[in-house]
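So the structure is just underneath, and the comments pick up after that.
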């Protein structure tokens, strides 16, 4: 089991809404805003907002994670976007848009 | 002729469930078992993280997903489902370097990452 999988839910929670760089097995590298970490599998879900307006979602398997480095602290704009992502319709009603 | 209805005996003590490392009952009851503030906070964080994860999986259903596997193999497929402990991904139309597989089960141990677009 790697370091990442041994973290506690509160430690994983600290990464939510932050921009990170994840290095994984076989020199794979990923960058994005952390949406969540599955407490069962330790899979990290990263979100990237592309220039054409689409949103790319990447899941990195917990067993493959080697390092997770914070690049940017959370900001209000990204937090707003991530908070409503995938949430059911009712919670979207509170979205100012 | 009818036999008298027996008077129920009040239950004084319920049998204890298994304790220790098993997943059975805990000797302490609900409220007493609630634990310290730190434990509760940890459990809440765990639930919030898990809910967001399950919703992200739900959003992936029916979408084309790109997988990075070991040995630098890249495959595309339509995502179908995953099991609760996230041990397998069920996909359709898996495009492998050798050809298209109609239905396939990708073991998570073989996957490094997956990605999709909204």
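Residue numbers (my numbering), protein chains in the order written: chain C, 1 to 97; chain Z, 98 to 215. Note that beta-carbon positions come from the ideal geometry of N, C-alpha and C, so glycine has one too.
Buried or exposed (CB count within 10 angstroms, at least 16 for buried), residue i
| i | result |
| --- | --- |
| residue 174/Z | buried |
| residue 191/Z | buried |
| residue 16/C | buried |
| residue 62/C | buried |
| residue 157/Z | buried |
| residue 206/Z | exposed |
| residue 106/Z | exposed |
| residue 162/Z | buried |
Beta carbon proximity, residue i to chain C, threshold 8 angstroms
| i | result |
| --- | --- |
| residue 175/Z | no |
| residue 180/Z | no |
| residue 146/Z | yes |
| residue 139/Z | yes |
| residue 143/Z | yes |
| residue 156/Z | yes |
| residue 206/Z | yes |
| residue 198/Z | no |
C-beta neighbour in chain Z for residue i, strict 8 angstroms
| i | result |
| --- | --- |
| residue 10/C | yes |
| residue 87/C | yes |
| residue 97/C | Model confidence at residue 97/C stands at a pLDDT of 49, short of 50, so the residue's coordinates are unreliable and nothing is read from them. |
| residue 17/C | no |
| residue 63/C | yes |
| residue 68/C | no |
Alpha carbon of residue i to alpha carbon of residue j, nearest angstrom
| i | j | result |
| --- | --- | --- |
| residue 215/Z | residue 139/Z | 31 angstroms |
| residue 48/C | residue 80/C | 14 angstroms |
| residue 35/C | residue 85/C | 9 angstroms |
| residue 135/Z | residue 8/C | 12 angstroms |
| residue 196/Z | residue 170/Z | 13 angstroms |
| residue 60/C | residue 210/Z | 4 angstroms |
| residue 75/C | residue 50/C | 17 angstroms |
| residue 66/C | residue 153/Z | 22 angstroms |
| residue 189/Z | residue 176/Z | 7 angstroms |
| residue 151/Z | residue 194/Z | 30 angstroms |
| residue 72/C | residue 2/C | 24 angstroms |
| residue 39/C | residue 22/C | 17 angstroms |
| residue 172/Z | residue 133/Z | 46 angstroms |
Contacts of residue i in chain C (Cβ-Cβ under 9 angstroms)
| i | result |
| --- | --- |
| residue 214/Z | 50, 54, 55, 56 and 57 |
Chain C contact residues for residue i, given Cβ-Cβ distances below 8 angstroms
| i | result |
| --- | --- |
| residue 167/Z | 25 and 26 |
| residue 183/Z | 38, 40, 41 and 43 |
Under 8 angstroms by beta carbon: chain Z residues contacting residue i
| i | result |
| --- | --- |
| residue 35/C | 149 and 153 |
| residue 13/C | 142, 145 and 146 |
| residue 60/C | 209 and 210 |
Expected contact under 8 angstroms - CB spacing of residue i and residue j to nearest Å
| i | j | result |
| --- | --- | --- |
| residue 30/C | residue 58/C | 6 angstroms |
| residue 43/C | residue 37/C | 7 angstroms |
| residue 32/C | residue 10/C | Contact doesn't hold; Cβ gap of about 21 angstroms is too wide. |
Any non-hydrogen atom of the ligand PLP within 7 angstroms of residue i CB
| i | result |
| --- | --- |
| residue 86/C | As presented, the structure is devoid of all ligands, the ligand PLP included, so that no description of it is given. |
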